[in-house]
Amino acid sequence: MNSPVEQAFVRNSPPVSANDLLIALKGVLPLHCILSRDEQLRPYECDGLSLYRQKPMLVVLPETEVQVQAVLRICKNLNVPVVARGAGTGLSGGAMPHAQGVLLGLAKFNRIKSIDSQAAIAVVEPGVRNLAVSEAAAPYGLYYAPDPSSQIACTIGGNIAENSGGVHCLKYGLTVHNVLKVRVITMSGDIIELGSESPDAPGPDLLSVFIGSEGMLGVVTEVTLRLLPKPVLAQVVMASFDDVEKAGDAVSKIIGAGIIPAGLEMMDQRATQMVEPFVKAGYDTEAKAILLCESDGTVQEVSDEIARMEAVFQEAGATRMQTSKSEQERLLFWAGRKNAFPAAGRVSPDYYCMDGTIPRRHLARVLTAITEMETTYNLRCANVFHAGDGNLHPLIMFDSNIPDEVKRAEDFGAAILELSVEVGGTITGEHGVGLEKINQMCVQFSRDELDSFLAVKRAFDPDCLLNPEKVIPTLARCAEYGKMHIHGGKLPFSDIPRF
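In case it helps, our numbering puts the sequence shown at residues 1 to 499.
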């Protein structure tokens, strides 16, 4: 069952054979840029969300923009799906290959083309690591603000696909706020540029449409990034609370006091007890929750703001406060938060990282509900998240060798996402929808809205060959999910007229 808009994306021609596709690709790529043997394909069968796996038909690793164009044109002519991939650190299954498709790896597009210190911009290829941009800009007193926890490995192209954020996104914004221009190749092999180095670009703001589109609209080959001056000083206040609700209220009070921290993160007790033996960051493992609140700017600005932060935390019921005394200590405080995911791997065979976003005022309510869900699903969950903008990252711990635990982990995650929608939030903040959250798209959006998303995709990719069968669910999928899982069979939008 498909809506009229979906009919445009149904591929009627039979899939091409791997051998025929291989022959065609050999005509435009050197042999070392094509991977076809089983042992070569296996490393690409999933991204950071290893729950979902699929071996691609072929993997290509082009080295030039001309080669990317040629690959896309061949795949369009042969009706072959294409999934673009960066470092594979994504956590929503967005880079999982298509069984009858090509996995287009951009790892070789790893050059920083230029840094203009006067204009404070960097021009980079999509395979450049996030952290490498700041490292290259450091001699000019500049840095790139978005800092996902995986910044040591994740790439700029992947950050654009998912509109990644990081611990400093509260003050400095997400990827969409720090990218000026992208150079993109469409499925037809055409090159387009979205955005501008100037403050605004003529016409509709298609750059904002493209960022966060999860590889569904085109393949990025070049990115122009906005750089910022490195602050003179940065300090972090670590505040402990004997109650999660008090910590949640403290977040609202910080923002309510007119303070916009450079970063405002929260970790519950299970998270700090998981992280501390691994990183030895000096966390208070007796606290029910801790907040990490950073101020940056001039020495006087930081001194004044830190004093205001401490006063708010004191009034909110903090049981202990510690302010970083050196840059080394500040980085250590953040190292604990940024290593929460690998720390989970030390205490559990597997973990499932969720990514819902809620209004800050509902932090305590949602955290309490997650604790109750632990009992319902009989699984542990550690909570780490960007408290300042309400972006939750619950880490559900399970053992994939126990089939029932896999199902319970998935159901646990779905319940958190649907609760996020219920309190006025969204199903994702920065990890994307991919395969992981496609069912919850049925909860968040009406069919009319989903068909509008498909219409945008059709404008860029008429045959739906780029990263197909992800992000936007079909009418049939929503109907089935609603029947099986949601509100006794009734989707929130079930009374909205269909096409």
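All residues carry an ideal CB built from backbone N, CA and C; glycine is no exception.
Nearest residue (CA-CA) to Glu39, options Ile438, Leu58 and Leu25: Translated into positions along the sequence shown, residue 39 becomes position 39. The residue with the shortest Cα to Cα distance from Glu39 is Leu58.
Less than 8 Å between the CB atoms is what I'm expecting for Ile416 and Leu450, so what's the real figure, rounded? By one-based count along the sequence shown, residue 416 stands at place 416. By one-based count along the sequence shown, residue 450 stands at place 450. At roughly 22 Å, the Cβ-Cβ gap does not stay under 8 Å, so Ile416 and Leu450 are not in contact.
Contact check, Ser295 vs Ala262, beta carbons under 8 Å: Here the question's residue 295 lines up with position 295 in the sequence shown. Here the question's residue 262 lines up with position 262 in the sequence shown. Their beta carbons are under 8 Å apart, which means Ser295 touches Ala262 by this criterion.
Could you tell me the boundaries of the alpha helix (DSSP H) in which Ala369 lies? The count along the sequence shown starts at 1 and reaches residue 369 at position 369. Looking at the DSSP string, the run of the alpha helix (DSSP H) that includes Ala369 is Leu363 to Tyr377.
What's the call for Asn19, buried or exposed, on a 16-neighbour Cβ count within 10 Å? As a position in the sequence shown, residue 19 is number 19, starting the count at 1. It counts as exposed.
Decide if His362 is buried, meaning its Cβ has at least 16 other Cβ atoms within 10 Å, or exposed. Sequence index remark: in the sequence shown, residue 362 carries index 362 (1-based). Burial check for His362: the Cβ neighbour count within 10 Å reaches 16 or more, so the residue is buried.
For Ile496, count neighbouring Cβ atoms within 10 angstroms of its own Cβ and tell me buried if that reaches 16, exposed if not. Residue numbering aside, residue 496 sits at position 496 when the sequence shown is read from its first letter. At Ile496, the pLDDT of 32 sits below 50, so the modelled position is not reliable; the number obtained from the coordinates is stated separately. Exposed.
Name, in chain order, the residues that DSSP records as bridge partners for Val302. Translated into the one-based positions of the sequence shown, residue 302 becomes position 302. Beta-bridge pairing links Val302 to no other residue.
Is the CB of Glu418 under 8 Å away from at least one CB in chain B? You won't find chain B in this structure, because it holds only one protein chain.
Just the C-alpha distance for Asp190 and Val182, rounded to the nearest angstrom, thanks. Looking up residue 190 in the sequence shown gives position 190. Looking up residue 182 in the sequence shown gives position 182. Roughly 14 Å between the two C-alpha positions.
Collapsed DSSP secondary structure at Asp399 in the structure displayed: Here residue 399 refers to the residue found at position 399 of the sequence shown. If DSSP states are grouped into helix, strand and coil, Asp399 belongs with coil.
Roughly how many angstroms separate the alpha carbons of Gly336 and Ala343, rounded to a whole number? The residue you call residue 336 lines up with position 336 of the sequence shown. The residue you call residue 343 lines up with position 343 of the sequence shown. Taking the straight line from one Cα to the other gives about 9 Å.
Assigned exposure category for Glu327 - 16 Cβ within 10 Å defines buried: Indexing the sequence shown from 1 puts residue 327 at position 327. A residue is called buried when at least 16 other Cβ atoms come within 10 angstroms of its Cβ; Glu327 does not meet this threshold and is exposed.
Buried or exposed for Asn439, please, with buried defined as at least 16 other CB atoms from any protein chain shown within 10 angstroms of its CB. Your numbering for residue 439 matches position 439 in the sequence shown. By the neighbour-count definition (other C-beta atoms within 10 Å, threshold 16), Asn439 is a buried residue.
Assuming Met238 is part of the beta strand (DSSP E), what are its boundary residues? On the sequence shown, position 238 is the one that residue 238 refers to. Note, Met238: beta strand (DSSP E), Leu233 to Phe241.
Which residues share a DSSP beta bridge with Met321? If you number the sequence shown from 1, residue 321 lands on position 321. In the DSSP output, where bridge partners are listed per residue, Met321 has Ala239.
Within a Cβ cutoff of 6 Å, which residues of the same chain sit near Ala479, ignoring the five residues on either side of it in sequence? Sequence index remark: in the sequence shown, residue 479 carries index 479 (1-based). Excluding positions up to five away in sequence, the list is empty.
Can you give me the Cβ contacts of Cys75 inside the same chain, cut-off strictly under 7 Å, excluding the 5 residues immediately before and after it? For the purposes of this step, residue 75 is taken as residue 75 along the sequence shown, with counting starting at 1. Answer for Cys75: Val82, Val102 and Leu465, listed in chain order.
Would you say the segment 155-171 touches the segment 116-127, given that touching needs at least three Cβ pairs under 8 Å? Taking 8 Å as the limit for Cβ pairs, the verdict is that the segment 116-127 does touch the segment 155-171.
Would you say the segment 135-147 touches the segment 188-203, given that touching needs at least three Cβ pairs under 8 Å? no
Going by CA-CA distance only, name the one from Gly432, Phe398, Tyr481 and Arg330 that's closest to Arg346. Numbered from 1 along the sequence shown, position 346 holds the residue referred to as residue 346. Cα-wise, what sits closest to Arg346 is Phe398.
What are the start and end residues of the beta strand (DSSP E) that includes Gln152? Indexing the sequence shown from 1 puts residue 152 at position 152. One detail in the question is off: residue 152 reads as Ile in this sequence, not Gln. Looking at the DSSP string, Ile152 is not in any beta strand (DSSP E), and its letter there is neither H nor E.
Please classify Arg85: does DSSP put it in a helix, a strand, or coil? As a working mapping, residue 85 is identified with position 85 in the sequence shown. Strand.
Nearest residue (CA-CA) to Glu214, options Thr368, Asn378 and Lys437: Residue numbering aside, residue 214 sits at position 214 when the sequence shown is read from its first letter. Of Thr368, Asn378 and Lys437, the smallest CA-CA separation from Glu214 is found for Lys437.
Bridge partners of Cys353, per DSSP? For the purposes of this step, residue 353 is taken as the residue at position 353 of the sequence shown. According to DSSP, Cys353 bridges with Leu395.
For Cys169, the nearest candidate out of His386, Ala459 and Gln444 (CA to CA): Numbered from 1 along the sequence shown, position 169 holds the residue referred to as residue 169. Here the closest residue by C-alpha is His386.
When we look at the beta-carbon of Gly27 and count the other beta-carbons within 10 Å, is it buried (16 or more) or exposed? The residue labelled residue 27 in the question sits at position 27 within the sequence shown. Flag for Gly27 reads exposed.
Buried or exposed (CB count within 10 angstroms, at least 16 for buried), Arg53: Locating residue 53 in the sequence shown gives position 53, counting from the first residue. Exposed is the call here.
Starting from Leu465, trace the beta strand (DSSP E) both ways and give me its first and last residue. On the sequence shown, residue 465 is found 465 positions in, with the first residue counted as 1. Note, Leu465: premise wrong, no beta strand (DSSP E); not H, not E.
Does the distance from the C-beta atom of Ser36 to that of Leu22 stay below 8 Å? Taking the first residue of the sequence shown as position 1, residue 36 is located at position 36. Taking the first residue of the sequence shown as position 1, residue 22 is located at position 22. Result yes, Cβ atoms of Ser36 and Leu22 sit closer than 8 Å.
Exposed or buried, which one is Gln444 when buried takes at least 16 other CB atoms within 10 Å? For the purposes of this step, residue 444 is taken as residue 444 along the sequence shown, with counting starting at 1. Buried, by the Cβ-count rule.
Would you mind stating whether Glu430 and Gly165 have Cβ atoms separated by less than 8 Å? Looking up residue 430 in the sequence shown gives position 430. Looking up residue 165 in the sequence shown gives position 165. Contact: yes.
Within 10 angstroms of the Cβ of Asn391, are there 16 or more other Cβ atoms? Answer buried if so, exposed if not. The residue given as residue 391 occupies position 391 in the sequence shown. Result: buried.
Does DSSP put Tyr481 in a helix, in a strand, or in coil? By 1-based counting over the sequence shown, the position of residue 481 is 481. The answer is helix: DSSP assigns Tyr481 an H, G or I state.
Buried versus exposed call for Thr428 [16 or more other C-beta atoms within 10 Å across all chains shown]: Position 428 of the sequence shown, counted from the start, is the residue given in the question as residue 428. Thr428 should be labelled buried.
Mind checking which residues open and close the alpha helix (DSSP H) that includes Arg509? No answer is possible for residue 509: the residues shown for the chain start at 1 and end at 499.
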